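The next block holds one structure in the form of structure tokens; read it before the comments.
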Amino acid sequence: MSDLRQPKRLADYQIPAFVIEQTRLRVELHPTATRVQSELVFRRQSAGPLWLDGQALTLISIELNGQPLQQTEYQLNDKGLMITDPGASGSLQLVTEINPEQNTALEGLYLAEGVYCTQCEAEGFRRITYYPDRPDVLSVFTTTLVADTVQLPFLLSNGNKVATELLADGRTAVTWHDPFAKPSYLFALVAGDFDRLADRFTTAGGREVELEFFVEKGKGSRAGFALSSLMRAMRWDEQRFGLEYDLDRYMVVAVDFFNMGAMENKGLNIFNSKYVLADDVTATDRDYFNIESIIGHEYFHNWTGNRVTCRDWFQLSLKEGLTVFRDQEFSADMASATLTRIDAVKLIRTAQFAEDASPMAHPIRPPQVLEMNNFYTVTVYDKGAEVIRMLQTLLGRDGFTAGHSLYLQRHDGQAVTCDDFVQAMQDATGQDLTQFRRWYSQSGTPELTVSSQYDPDRQQLRLQLRQHTAATADQLSKLPLVIPVKIEILQPATGRRQQQLLVLSAESAEFLFDNIADNPLVVWLEDFSAPVKLHCQYTAAQWLSIAELASNDFARWDAMQQYWSQLLQQTIAAAELPTLSPALLALYRRWLQQPLADLALTAELLQLPDFDSLAEQYQQIPVEALVQALDSLQQQLATALYEDWLACYQRLTVTPYVYEQTQVGCRALRNLCLSYLVHGAAGAALMQQQYHSADNMTDRLAALRCGQLAGVAETAALLKDFAARFADDVQVLDKYFNLVVSSPKAQVFAAMVQLTEHPAFSWKNPNRVRAVYGAFSQRNPAQFHRADGEGYRLLADVVGRLDQVNPQLAARLITPLLSWQRYDQQRQQILIALLQQLAKRSDLSDDLYEKVSRSLV
Ligand code: B3K
Ligand code: ZN
């Protein structure tokens, strides 16, 4: 690539020369020519010019302290505006014009389907007006929105509504004031016509808060679950962390055009409608779970993110890792703790480990960034949350909670760093966390190799642990980390057991346990107590014993994962297909026959690992061998246990739908049984029967998915029925798109072309694009990774086309193409050629440029 664009570096951080004490905005909304007047009250705090970021803006006028500035008194380029010496303090008045209708990047202010809305994180505010668009400039905002309230009855912004004025020309001006100083990335405005659903919440301290949800007209009845989730989140944060809400109003707006899940703008969250709208007919158990978790996440940001924010974007994990940790703890309390943990770990072991092994590898605090939007990653978010979880494990829950409180008290109203957070944890508990901080600066997946020796004469158990982190694309040398390892020592003969926390901080260590009377079996890394790859030489029988006997439910599930991946590794190495052992079948039967167990857990225990988790064990992924081995296992389990799947399926009774954990578990297990049963003779009939009789989306969709993945011919007619039944409902159509593109058959390519001609499909809508191409590349390994490169070519085309429309979306979708080193020679050549073609384009966005250039070095 010829042009060398320069990344920003953490090491170059400098405090801003000016603070903006007050920001007054007046936004006159217009589809193609929105006028933004701003008044910035500034004060110098260190040497340097006043720099205001600005992108894709038309500057109409600029005045300093009421006097127009001559063109010689400021410098303007395509990145912003500079005033060399505006004085020690003063006020700057600017008028800019923007075009919200043309804004398909969905960053800054955009107009989609009649709704104006904003997305400012990370650097979108600079597309609204010239401003020091960096998180360490905190300002008090007063915002006036001007529009025709017949067309746009709701004009919303952050904070409290302080004035409404009817203008002479018939338009209305509504003014909002947010008393909390905030960085520009937390600014939001929304204008549109909505259904409004509201309720009140009284905080522990007695503040009456108005909760308001604004959703697409006609869909108000689908916002009830999100609203009740918000109330649960508010109560939970009071009880668990002693944190209360701080404004009189909390608004949530749901829109269908949105680049990610949701955004925590102060007092005015904006959500992807996918994470707000739900009812039994259109949403699955998984959707309900996600809504509660994301509503919680954005709410929890009010403290961890908004009241205390990031000094610079390299510190993103300060708010995101911590807030993901908080939402996981909330979900664990609201839904199933074990399942919540299993979900989080699956994500780390697939996407995060893959990211560490990719050209985009970075630590949770990246040291350099070209396009910030590329760093909203599973590493920063989810590995970041694992790092916070390790702190809780090491410091204990009380110590951690004390550190959390100290952090928020000490830094309320400030923009701070990850180091400040760890320092608060250290000061509150007196524990030295110097070495622990390496987790923030070191990238890569540590490998933890463990072994145990038992001396029956001395009744002594010796445990050996060793850590090693291999070089990553971004960083060659690695240091030992502090790794908390939760274990259980099982003594199967006597039933005795003990749980321990081992802390490995050197490269290797030994631990001795006395008075172990009979031959023990050690359960390693309970609850996935550290984000590492575990290497442990157990026999198949030992894994199955752990799966049956461990106290920790997570560890039981994990033992099954290890069992399967070891079996597949051995058989693939020997170029054979795996077979099922009598011991495994017996264990599966026992699990299928225990009616009183935690059914959601049973379903997870009985499920094969997916392609992505298995792939992460290989440096070079044996695509065909993995797909075939998984297919074969699925078929063998279906046949060998047919009667058992059927008996379990029939025993689990169907009751009218409620989203409630016992029922969730029951549906999960029943649908797992169906996924095996569809391979048998009565499979099609069962699937059809379940599809037609279901009173809820979970069971209806599961029937379709089982049929589609198993290639059952009768699925086609049901899919057609499904598409027709929900033709007017884009949220359900996304599920339909998902199903169509997950077909493991070659016809999927033609089907995808048809989907893009579906009246609901739009290249401008990220949800639609993800439902087709994101799902195809992530959930259809057999066709996406086809040896002839058809899947790769298709995705590269889509990425190239989308870069003009929405670079953030394009850069997300390209991810699976970057890791060409993970595949065989033939695939590597195809992928490199596709990446090189993209690299040649002169108009490539920074988003794609950063990823493609890192992949091709
Ligand atoms: N903070 C936002 C993410 C913004 C992404 C910008 N590309 C959502 C969240 O993590 O809560
Ligand atoms: Zn977040």
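The sequence shown runs 1 to 857 under full-length UniProt numbering.
Note that beta-carbon positions come from the ideal geometry of N, C-alpha and C, so glycine has one too.
Remember, it's a predicted structure, so these values are computed and weren't measured experimentally.
query: Is A56 near the ligand B3K, judged by its Cβ being under 7 Å from some heavy atom?; result: no
query: Can you name the start and end residues of the beta strand (DSSP E) that V253 belongs to?; result: R249 to V255
query: Mind reading off the beta-carbon distance from F258 to N272? Whole number of angstroms is fine, and I expect it under 8 Å.; result: 4 Å
query: Closer than 6 Å by C-beta to A493: which residues in its own chain qualify, once you throw out the five before and the five after it? Chain order, please.; result: D518
query: How about H297: is its Cβ closer than 7 Å to a heavy atom in the ligand B3K?; result: yes
query: Does the Cβ of R700 have 16 or more other Cβ atoms within 10 Å, making it buried, or fewer, making it exposed?; result: buried
query: State yes or no: is the beta carbon of Q71 nearer than 8 Å to at least one beta carbon in chain B?; result: No chain B is present in this structure, which holds just one protein chain.
query: Between which two residues does the alpha helix (DSSP H) carrying K346 extend?; result: A337 to L347
query: So the beta strand (DSSP E) F513 belongs to, where does it begin and stop?; result: S508 to F513
query: Leaving out the 5 sequence neighbours to the left and right, which residues in its chain are closer than 6 Å to S2 when beta-carbon positions are compared?; result: Low confidence applies here, because S2 scores a pLDDT of 49, under 50, leaving its location unreliable and the question unanswered by this model.
query: Verify the contact flag: T309, CB atom, against every heavy atom of the ligand ZN, threshold strictly below 7 Å.; result: no
query: Bridge partners for Q71 per DSSP, in chain order?; result: Partner(s): none; Q71 has no beta bridge.
query: DSSP three-state label for F194, please.; result: coil
query: Hey, is Y131 close to the ligand B3K, as in C-beta under 7 Å from one of its heavy atoms?; result: no
query: Does the region 816-824 touch the region 620-635, meaning 3 or more C-beta pairs lie closer than 8 Å?; result: yes
query: Nearer than 7 Å: is that true of the beta carbon of H301 relative to any heavy atom of the ligand HEM?; result: The ligand HEM is not part of the structure shown, which contains the ligand B3K and the ligand ZN as its ligands.
query: So what does DSSP say about D612, is it helix, strand or coil?; result: helix
query: May I ask whether a heavy atom of the ligand B3K can be found less than 7 Å away from the beta carbon of M251?; result: no
query: Would the region 254-268 count as touching the region 181-201 if we require 3 or more Cβ pairs under 8 Å?; result: yes
query: If you draw a straight line from the alpha carbon of P135 to that of R127, how long is it in whole angstroms?; result: 15 Å
query: Between which two residues does the beta strand (DSSP E) holding D53 run?; result: L50 to D53
query: Only counting the same chain, and skipping five residues up and downstream in sequence, which positions put a Cβ closer than 7 Å to that of I832?; result: W820
query: Rounded to a whole number of angstroms, what is the C-alpha to C-alpha distance between M260 and N765?; result: 11 Å
query: Could you tell me how far apart the beta carbons of R616 and T350 are, in whole angstroms, since I believe they sit closer than 8 Å?; result: In the sequence under discussion, the amino acid at residue 616 is Glu, which differs from the Arg named in the question. About 6 Å; that satisfies the 8 Å criterion.
query: Check whether the Cβ of N765 lies closer than 7 Å to any heavy atom of the ligand B3K, and answer yes or no.; result: no
query: Pick helix, strand or coil for G707, following the three-state DSSP scheme.; result: helix
query: In the DSSP assignment, the beta strand (DSSP E) including A163 goes from what residue to what residue?; result: N160 to L166
query: Would you mind stating whether E643 and L587 have Cβ atoms separated by less than 8 Å?; result: no
query: Between Q754 and S762, what straight-line distance do the alpha-carbon atoms span, to the nearest angstrom?; result: 13 Å
query: With a cut-off of 8 Å, do at least 3 Cβ pairs link the region 808-818 to the region 382-399?; result: no
query: So, is Q102 buried or exposed, given that buried needs 16 or more other C-beta atoms within 10 angstroms?; result: exposed
query: If you measure between the beta carbons of M752 and V769, is that distance less than 8 Å?; result: no
query: Among all residues, which have a Cβ less than 5 Å from at least one non-hydrogen atom of the ligand ZN, and in what chain order do they fall?; result: E320 and T323
query: Based on DSSP bridge pairs, tell me the residues matched to T58.; result: E97
query: Do you know how far the Cα of G384 is from the Cα of D788?; result: 37 Å
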